[in-house]
Structures are given as structure tokens and as C-alpha cells.
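Chains A and B, in that order, give the protein sequences. Using my numbering, the letters of the first sequence map in sequence onto residues 378 to 576. Using my numbering, the letters of the second sequence map in sequence onto residues 12 to 433.
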Amino acid sequence: MKSGLMRILVVDEDGQRGEALGDVLRATGFDVVIAPTGYHHLPNLVQDTQPDVVLVDVDSPGRDTLEQLAMVHRSSPRPVVMFAKDNDEQTIQSAVKAGVSAYRVDGIASASVRSVIDVAIAHFRLYQSMREELEKARTTLDERKYVDRAKAFLMKRRGLSEVEAYGMLRKLAMDRKQRIGDLAKTLLEAANLMEGVNS
Amino acid sequence: MSVGRAPEKSSLTIGIVPLTDCAPIAVAVERGLYEKRGLDVATTQERSWAGIRDKVSYGVLDAAQMLATMPLASAAGVIGYAGEFVTGMTLDLNGNAITLSTKLCQEVRDRLGDDWASPRTADALRPCIDARRAEGKPKLRLGAVFPMATHDLELRYWLASGGIDPENDVELVVVPPPSMVEALTAGRVDGFCVGEPWNSVAVDEGLGEIAITKHALWANGTEKVLGVKAEWAAQYPETHLAMIEATLEACIWLDDPAHRREACAILALPQYVNVEARLLERSMTGALVEAKGRDPVAVPDFHVFHRYQTNLPWRSQAMWFLSQMVRWGGVDPSLDLQGIAASTYREDIYRQAAENLGLPIPTQGRVTEGTHADEWLLPSDRGPVTMGPDRWVDDRTFDPDDPLRELGPFANPITPMPSHAG
Chain A
378 MKSGLMRILV
388 VDEDGQRGEA
398 LGDVLRATGF
408 DVVIAPTGYH
418 HLPNLVQDTQ
428 PDVVLVDVDS
438 PGRDTLEQLA
448 MVHRSSPRPV
458 VMFAKDNDEQ
468 TIQSAVKAGV
478 SAYRVDGIAS
488 ASVRSVIDVA
498 IAHFRLYQSM
508 REELEKARTT
518 LDERKYVDRA
528 KAFLMKRRGL
538 SEVEAYGMLR
548 KLAMDRKQRI
558 GDLAKTLLEA
568 ANLMEGVNS
Chain B
12 MSVGRAPEKS
22 SLTIGIVPLT
32 DCAPIAVAVE
42 RGLYEKRGLD
52 VATTQERSWA
62 GIRDKVSYGV
72 LDAAQMLATM
82 PLASAAGVIG
92 YAGEFVTGMT
102 LDLNGNAITL
112 STKLCQEVRD
122 RLGDDWASPR
132 TADALRPCID
142 ARRAEGKPKL
152 RLGAVFPMAT
162 HDLELRYWLA
172 SGGIDPENDV
182 ELVVVPPPSM
192 VEALTAGRVD
202 GFCVGEPWNS
212 VAVDEGLGEI
222 AITKHALWAN
232 GTEKVLGVKA
242 EWAAQYPETH
252 LAMIEATLEA
262 CIWLDDPAHR
272 REACAILALP
282 QYVNVEARLL
292 ERSMTGALVE
302 AKGRDPVAVP
312 DFHVFHRYQT
322 NLPWRSQAMW
332 FLSQMVRWGG
342 VDPSLDLQGI
352 AASTYREDIY
362 RQAAENLGLP
372 IPTQGRVTEG
382 THADEWLLPS
392 DRGPVTMGPD
402 RWVDDRTFDP
412 DDPLRELGPF
422 ANPITPMPSH
432 AG
């Protein structure tokens, strides 16, 4: 006999995001199963773990195998259906835009499923903004690295001081309406190409 | 070329799947054909058909390279399908093949005692199926990419035409297109029906042999369509037309044999198919290698993008897909199937685009399918146009006005068939 908790299967190519979503859902009072990555386990995993709801990363290549479960409704005792019926339209739209799709077992009340999906949407959005922050931080770091190398290159080749080298890079970037990091990168690539310089 | 009104929406995202038949969209982007019509198009590489469906359905994508069956299955309420899609243009014909593992092909040849010459019919699998049953071994497992997809229907058709019951004699499983080869490597499937280049990739790695092409199974059957949401089509009619016209120009360009290698260089890019051009060239130039080490065979119509009136969304082909979905229990036969075909395969939109480009428009959008072994002529507003052969491997014919008359062997509809004339 199953416990009274609703069981959620989480399928996410981004393992870290999936694990974290699992933690949030467990803390909210759900029974959670995290799918190992790789598409081919999914139909068996669903049969074995009997989830009430499946949350799946919208870009997971394994998604199509879940559709098969929705189709074999005649032989499956627990048909899985796409969570998208009239009054759920708004919820599912937000979900897909946030990058998560949901399937539920036929017969589970949509209100309880909606609360699960709301948690998932919030989680996916949070992850997205964290990823963007990280990306921004990484770009800044990369830029600094290129600028430093381009400065060193100019100091060595043109006998400039550090301040002069930086000033030259900044002026070139402004003239070309480029970011200084991009300009420094282009300059280094060109230098590499012309002289086989390794910085 | 007539100058249409400005597109209501100029910035578009079109979803593609890494398959050779994303070519019309890729070519339209790379040759600046969308740009010429004031459209700024970005493509995204999607990893599943469910993803394509959901993203078009909920506005993440404006349009997509879509399975020809998808708008029909959605309108028919096939379980798992959401959204209401329409298409104003078919992207290509043929394009798929059924590949079986090298091991299974060897087993077939051993049991038959001959070389199983092509086109290969599925009855040759019977001894292998019976042997597995007698020995209590698992059934043969065959993969298709999506339930009720063109590939699924074609695989089932091939099996059933050879006396193999697809529901009971074998196990059908879903495998995403780019994972097919890996599934064959790992022995999780014994064969599959998939679009190119995945058959040629399996052949090149010595893992499989192409048993039959879609062209040999069903000559010049519709494969992918340019799909949008019905609501989107109504909201952005000029954008829709401009997008179709640009994609049509790409299809015309693609059907010039002199352009096929250049097209392969485009498709090989990471954002499209991301497979070496030499493998893409096999099906694209019609020099198909069916098994590793064998000489290429000529299949000039493996990919058809424009000739034979490809791009008209043929009502008769829509009806055939629906009849096959009824056959395998995906679609309820009591539904208004003609109405579903008419509302999703939007011949009127295609006619408008074709007129704007000065292309001939056939006087009818439905024909009795399966009656032509060779090229034939159909009247159009600009004189007769050449149509391709349209025969099936088992020589059946299909009347779109009486689509449920004869569903074929092993038919298993979900509800009793309605009575009908004849």
C-alpha cells in the first residue's frame, strides 16, 4: 500500500536543478523520485515507481518516450496524460515558458497537481535567473582575462606602459563601438594568427 | 512576385529537429530568404517532438518543422497531443527509411537461405519472430520516434503488409531521432524507422542495414510540414504568408540537384543537423548506401522538396494519415475526419502563397492515392503539372472520399466503425 503522499517523478537533464527541485518538493510534503539521466529508463521507471505526477524538463530528449505511455492507455492501468485541460491552460503555458512540462495520472485532481507545477515553475525560473547571473559573472571574468593579456601584448610589442596600453584598448573599443573585452579578444586572435604568438 | 503587406510580426523563432528535412528552413535562413521578406528568423534546435508541440502550442516558438501527422492528431484529440495546429505548406516528401540491425539482417538471411533482395518485405521477419516465440525469448523491438508519427504509421504499415501484427508480433517503442543509433548500439532496439541522416549514420557505423526506404514503401508520401498554431495563423496572416513564401523559395532551390551538396554543407552546421556532410550527401544526392561496404544505389527521390506539387498540403494524404491512425486505435473513427483534414491542412493558405510566387496551382487538392507507378500529369491553372508515382509497397489504393472502407490487416480501431456508404 502506498503512503498517502502524492508521488512526483522528476526528469531533468540538468541533474543539479532536478535534485534541488526534488528537495523543495520533499520539503513541501511530497514523495519524490528523481529519474537517472538517459531517456530509455523512463517508461519502465514510470511503471515501477507509479508516480501521480511526472515533471519533465521541456528539452529532455526522453520526453517522447513518455508520450508512448499516454498512447498505450488501453493496456496501461495508470494512463499518463498531458497536464493541459481547459482551465489549466494558463498554468501549463507558464510552465512551458519556464521550461517544464507535466504529465499526471488520469484521475488525480487538477488542483493538487497545480500546486506541484507552481513549485516547479518557481524553481525553474529561479534557476534560470541564477544561470543568467552566473553567465554574466563569467563574461566579466573572461573580459578581464582578455584585457589583461591584450595589455601585456601591447606593452611588450609597442613598449607602452600599462596605463598607455589600457588607454589604447579603450580608445579602439570606443571608436569601433565594441566592448573592450571583445576588442581585446579580437586583437589577441589576430595577433595569434599573424605571428603565432602565444600569450 | 507580388509585394504583400508588411508582416505583422517581423521577429520569429522557428523550431527545427536535427533531421535532413529541416533543410527548407535552414536554407531559407542561410540564403537570406526570410530576411528578404522582412523577417528576422532565429532557429532553435529542439530535442523532442513533444517539445516542438508544447512550444508551438504555448507561444515559445512561432512555427516549427512538424511531423505531418501532428496537426491532424492534435485536432483529432489523440491522447497526449495538445494544441490546435495548422499548416499552409508541406516541407518535403519521403525522407525516411526503416533500418534493421546488422545482426537481425544476418539472421533473416540465414533463415531464408537467400540474400533478401530489396525492396525488402517484412514477411521475411516471420521466421525470426516465430523462433523467438518458440524459445520464449523477448520479441523483436522496433523503434519509431513518436506515437502516431509518420514513422510509426510507416513502420506499422510495412510490418502489416508483410503479415506481421505490429501490436502482437513485435514490441514497438519510442526513441528520439538522435538517440536511434545509440539505441541500436546498446541493443535496446533491433531496428527503427527514422528520418535521415540517422539511417545512414547507423549504416556507416556498421550497426544496421537500410531494409526499405519510405519511397519504396509509399512513393512520395508527405513527411514534414511547416506548422503553426491556428490562433497564430489567424493573428499574423501576412507574416505567415511571407514565411511560407520564403520557405517555398528554399524548397525550389533545394530541388535543383546542383544545389544539394551546398545544402549538405549548410545542414552539417552545428545549429542544424550537426552530422558530417559526406553522410548527409548519401540521401540528399540520392546515392544511398544500404549496408556498409556496399555500392550506393540510386534513389533520386529520397528527398523531394518541391517537384510533384510537394508543398501543397494534400487533403488526400491527410485523410490517409487519419485512416491509418484509426487503423491502429489512435483516432476515433466516428469523428468528422474530413473536417479535421480541411481545418488543419490549409490548402487556401498555400494557394495564396503559390499565387504570390507565380507557381502553378493544381485544380484539385485531393486525388485517389496509390494508382500511379510512374510520373503522371494533373491539370493546374497554368497547364498540366507533373506528379510523382504514388504507389504503396503492397499495391493498395486509397480513396480519400471513403477513407475507412478498407483499413488493412490487423486493424484495431478504438470504437466500432460507423456505417458508411459502399
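Cβ atoms here follow ideal geometry from the backbone N, Cα and C, with glycine treated the same way. No experiment lies behind these values; they were computed from the predicted model shown.
**Prompt:** For the segment 308-338 of chain B, which residues have a CB atom closer than 8 angstroms to at least one CB atom of chain C, in sequence order?
**Reply:** Of the protein chains in the structure, A and B, none is chain C.
**Prompt:** At least one CB of chain A closer than 7 angstroms to the CB of residue 212 (chain B): is that the case?
**Reply:** No - not a single Cβ of chain A is within 7 angstroms of the one on residue 212 (chain B).
**Request:** Note down, in chain order, every chain A residue with its Cβ under 9 angstroms from the Cβ of residue 157 (chain B).
**Result:** By Cβ distance, chain A contributes 441, 444, 445.
**Message:** Would the segment 94-112 of chain B count as touching the segment 384-395 of chain B if we require 3 or more Cβ pairs under 8 angstroms?
**Reply:** The segment 94-112 of chain B, when compared against the segment 384-395 of chain B, does not touch it at the 8 angstroms Cβ threshold.
**Request:** Look at the alpha carbon of residue 277 (chain B) and the alpha carbon of residue 286 (chain B), and state the distance between them as a whole number of angstroms.
**Result:** Between residue 277 (chain B) and residue 286 (chain B), the C-alpha separation is close to 10 angstroms.
**Prompt:** Closer than 7 angstroms, Cβ to any Cβ of chain A: which residues of the segment 36-61 of chain B, in chain order?
**Reply:** Hits within the stretch, in order: 58, 59, 60, 61.
**Request:** Check whether the Cβ atoms of residue 172 (chain B) and residue 401 (chain B) sit closer than 7 angstroms, and answer yes or no.
**Result:** Their beta carbons are not under 7 angstroms apart, which means residue 172 (chain B) does not touch residue 401 (chain B) by this criterion.
**Message:** Here's a check: name, in chain order, each residue in its chain whose Cβ is nearer than 7 angstroms to the Cβ of residue 167 (chain B), leaving out the five neighbours to either side.
**Reply:** Answer for residue 167 (chain B): 177, 339, listed in chain order.
**Item:** Complete runs of the alpha helix (DSSP H) confined to the segment 313-364 of chain B [at least 4 residues]
**Value:** Qualifying alpha helix (DSSP H) stretches, in chain order: 326-338, 348-355.
**Asked** Along chain B, in chain order, which residues have C-beta atoms closer than 8 angstroms to that of residue 505 (chain A)?
**Response** Within chain B, no residue has its beta carbon less than 8 angstroms from that of residue 505 (chain A); the closest one is some 13 angstroms off.
**Request:** Mind checking the segment 467-494 of chain A against chain B and listing, in chain order, the residues whose C-beta falls within less than 8 angstroms of any C-beta there?
**Result:** Of all residues in the segment 467-494 of chain A, those with a C-beta nearer than 8 angstroms to a C-beta of chain B are 469, 470, 473, 474, 478, reading in chain order.
**Asked** Going by C-alpha distance, which of B:265, B:133, B:292 is nearest residue 227 (chain B)?
**Response** The residue with the shortest Cα to Cα distance from residue 227 (chain B) is B:133.
**Item:** Closest by C-alpha distance to residue 107 (chain B), when choosing among B:30, B:366, B:262, B:201
**Value:** The option with the nearest alpha carbon to residue 107 (chain B) is B:30.
**Asked** What in chain B is Cβ-close to residue 435 (chain A), meaning under 9 angstroms?
**Response** Here the neighbours are 59, 61, 62, 65, 66, 71.
**Message:** If the criterion is Cβ atoms closer than 7 angstroms, does the pair residue 181 (chain B) and residue 194 (chain B) meet it?
**Reply:** Cβ atoms of residue 181 (chain B) and residue 194 (chain B): not closer than 7 angstroms.
**Prompt:** Any idea if residue 322 (chain B) is buried or exposed, counting beta-carbon neighbours within 10 angstroms, 16 or more meaning buried?
**Reply:** With 16 or more other Cβ atoms within 10 Å, it is buried.
**Message:** Below 9 angstroms on C-beta distance, what does residue 184 (chain B) contact in chain A?
**Reply:** Close to residue 184 (chain B), with beta-carbon spacing below 9 angstroms, are these residues of chain A in chain order: 417, 420, 442, 445.
**Three-way DSSP call (helix, strand, coil) for residue 185 (chain B) in this model** = DSSP places residue 185 (chain B) within a strand segment (E or B) once states are collapsed to three.
**Request:** Would you give the residue range spanned by the beta strand (DSSP E) that residue 22 (chain B) belongs to?
**Result:** Residue 22 (chain B) -> beta strand (DSSP E) spans 22-27.
**Request:** Please name the residue or residues paired with residue 468 (chain A) in a DSSP beta bridge.
**Result:** Beta-bridge pairing links residue 468 (chain A) to no other residue.
**Request:** Can you tell me which of A:497, A:545, A:523 puts its alpha carbon nearest to the alpha carbon of residue 563 (chain A)?
**Result:** Comparing Cα positions, the closest option is A:523.
**Request:** With a threshold of 16 other CB atoms inside 10 Å of the CB of residue 325 (chain B), please say whether the residue is buried or exposed.
**Result:** Burial check for residue 325 (chain B): the Cβ neighbour count within 10 Å reaches 16 or more, so the residue is buried.
**Straight-line gap, residue 406 (chain A) to residue 470 (chain A) (C-alpha atoms, nearest Å)** = In a straight line, the C-alpha of residue 406 (chain A) is about 25 angstroms away from that of residue 470 (chain A).
**Request:** Assuming residue 410 (chain A) contacts residue 428 (chain A) (C-beta within less than 8 angstroms), just tell me the rounded distance between them.
**Result:** Confirmed, Cβ separation roughly 6 angstroms.
**Message:** Could you pull the DSSP bridge partners for residue 397 (chain B) from this structure?
**Reply:** Within the DSSP bridge table, the entry for residue 397 (chain B) names B:388 as partners.
**Request:** Whole angstroms is fine: what's the gap from residue 257 (chain B)'s alpha carbon to residue 245 (chain B)'s?
**Result:** A direct Cα-to-Cα measurement between residue 257 (chain B) and residue 245 (chain B) gives close to 19 angstroms.
**Asked** Quick one: is residue 454 (chain A) near chain B, going by C-beta distance under 7 angstroms?
**Response** Its pLDDT being 44, under 50, residue 454 (chain A) is placed unreliably by the model, and nothing is read from it.
**Message:** Cutting at 7 angstroms between CB atoms, please list the residues of its own chain near residue 36 (chain B), excluding the five before and the five after it.
**Reply:** Result list for residue 36 (chain B): 25, 27, 54, 76, 258, in chain order.
**Prompt:** Exposed or buried, what is residue 210 (chain B) when buried is set at 16 or more other beta-carbons lying within 10 Å of its beta-carbon?
**Reply:** Classification of residue 210 (chain B): buried, given that the 10 Å Cβ count is 16 or more.
**Prompt:** Taking just the CA atoms, how far does residue 425 (chain A) sit from residue 358 (chain A)?
**Reply:** This structure cannot speak to residue 358 (chain A), because chain A is shown only from 378 to 576.
**Request:** Please determine, among B:204, B:215, B:141, the residue with the shortest C-alpha to C-alpha distance to residue 179 (chain B).
**Result:** From the listed residues B:204, B:215, B:141, the smallest Cα separation to residue 179 (chain B) is found for B:141.
**Message:** Is it the case that the segment 53-68 of chain B contacts the segment 215-222 of chain B, given that we only count it when at least three CB pairs across the two stretches are under 8 angstroms?
**Reply:** A contact is defined here as three or more CB-CB pairs under 8 angstroms, and the segment 215-222 of chain B fails this definition with respect to the segment 53-68 of chain B.
**Message:** Which residue marks the beginning of the beta strand (DSSP E) containing residue 385 (chain A), and which one marks its end?
**Reply:** Segment 384-388, the beta strand (DSSP E) holding residue 385 (chain A).
**Prompt:** Do residue 382 (chain B) and residue 408 (chain B) have their C-beta atoms within less than 7 angstroms of each other?
**Reply:** Their beta carbons are under 7 angstroms apart, which means residue 382 (chain B) touches residue 408 (chain B) by this criterion.
**Prompt:** In or out: residue 489 (chain A) buried (at least 16 other Cβ within 10 Å) or exposed?
**Reply:** Around the beta carbon of residue 489 (chain A), fewer than 16 other beta carbons sit within 10 angstroms, so the residue counts as exposed.
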